[in-house]
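Notes for the one structure printed next.
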Amino acid sequence: MMDNIIKIILYGSVARNENTDESDIDIQEKNMENSKDTYDIEQALDEADLLAENSNERMTHEEVFHALKSRVTIPFTLHGIEEMLTVEYKQGTDSREIGYDALQGFPIDKICCIGYPVMHGYFEHMNATGYRRSCGFIQFVERIENYGENRELSIDVSDDNLEKGNPYFAYGYPAEIFDAPCCNLAGCRHLKWTAYTYLVDLPSRMNSNKLKFLGGYSWGYEEDENGPQRLLPLEILTENDWEKHATEKGILKISQITGGCTAKL
């Protein structure tokens, strides 16, 4: 059951209209911010509907999804130790907060990236210590252009890593991942951009030099010439999903990072 796999924490975002009393809204938002209650999927949807009680019309689940910030925890086991990966997923509202202005050459004054997804995967706490904390992220990006005219699956890595044959978006003790894509039409009329983000156990002497699936999730957005249309829901991925994507890109069997990657990317 999905509600046994993930939990969602909602941070208040209350619907407003011309009749809304802002003082009431401030109180509600403060209460929700302080409580940070944890919900399973069904409870989260019910709670989200309640956020629309000050609106003339009830919010759809898609509207709620856009209005709320979700925080998902994904359980997994690393070297026999139970751990939890935290994923924050929301709609971007501030280009500078996201950090676009720190990217050299990024035309933040000419491109509006508001409304696109922002994803952050990290560990609030790890039970493992030392070398046992080692892990990494591999992210695949699927582009479906013009409602299916063209599909492309790629490994989302930097140019430097790609030249070295290294498929890891990030790795460390432990790894952390942040991504905020925007404006990727590249000449097409419509784009469905989907990321498949996998947490993996890195090949090492701790696991007989085998790359291993730990957990995963998908997310993304759709856009056209008018900008972002909608965010895709964050969905939990399985080991079967990992094997499908890793097989398609030929990275199921790779060597240690220090020794180079044997995969053809």
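Numbered per this note's numbering, the sequence shown spans residues 1027 to 1291. Glycine included, every Cβ here is placed at the ideal spot set by N, Cα and C. Just so it is clear, the structure is predicted and the values come from calculations on it, not from any experiment.
State the DSSP-derived secondary structure class of H1271, mapped to helix, strand or coil.
The answer is helix: DSSP assigns H1271 an H, G or I state.
Spatial distance of F1239 from L1225 (CA atoms):
Roughly 7 Å separates the two Cα atoms.
Whole-Å CB distance - K1218 paired with I1170, under 8 Å assumed:
At roughly 4 Å, the Cβ-Cβ gap stays under 8 Å, so K1218 and I1170 are in contact.
What would DSSP say about F1132, mapped onto helix, strand or coil?
Note: F1132 maps to coil in three-state DSSP.
Return the first residue and the last residue of the alpha helix (DSSP H) that L1188 is part of.
Start and end: D1185 to K1190.
Who pairs with I1140 in a beta bridge, going by DSSP?
In the DSSP secondary-structure assignment, I1140 is not bridged to any residue.
Measure the C-alpha to C-alpha separation of L1278 and E1248 and round it to an integer number of angstroms.
Using only the alpha carbons, I get a separation of about 29 Å.
Quick one: which unbroken beta strand (DSSP E) runs of 3-plus residues sit fully inside the segment 1208–1251? Chain order, please.
Scanning the segment 1208–1251 from its first residue to its last, the whole beta strand (DSSP E) runs of 3-plus residues come out as 1216–1227 and 1238–1250.
For T1155, does the count of other Cβ atoms within 10 angstroms reach 16, so buried, or fall short, so exposed?
A residue is called buried once 16 or more other Cβ atoms fall within 10 Å of its Cβ, and T1155, having fewer, is exposed.
If you drop the 5 nearest sequence neighbours on each side, which residues of the same chain put their C-beta closer than 8 Å to that of C1139?
Excluding residues within five positions, the ones whose Cβ falls inside 8 Å are G1118, S1121, I1124, Y1126, A1206, C1208 and C1209.
Tell me the rounded alpha-carbon separation between G1131 and I1137.
Here the alpha carbons of I1137 and G1131 stand approximately 12 Å from one another.
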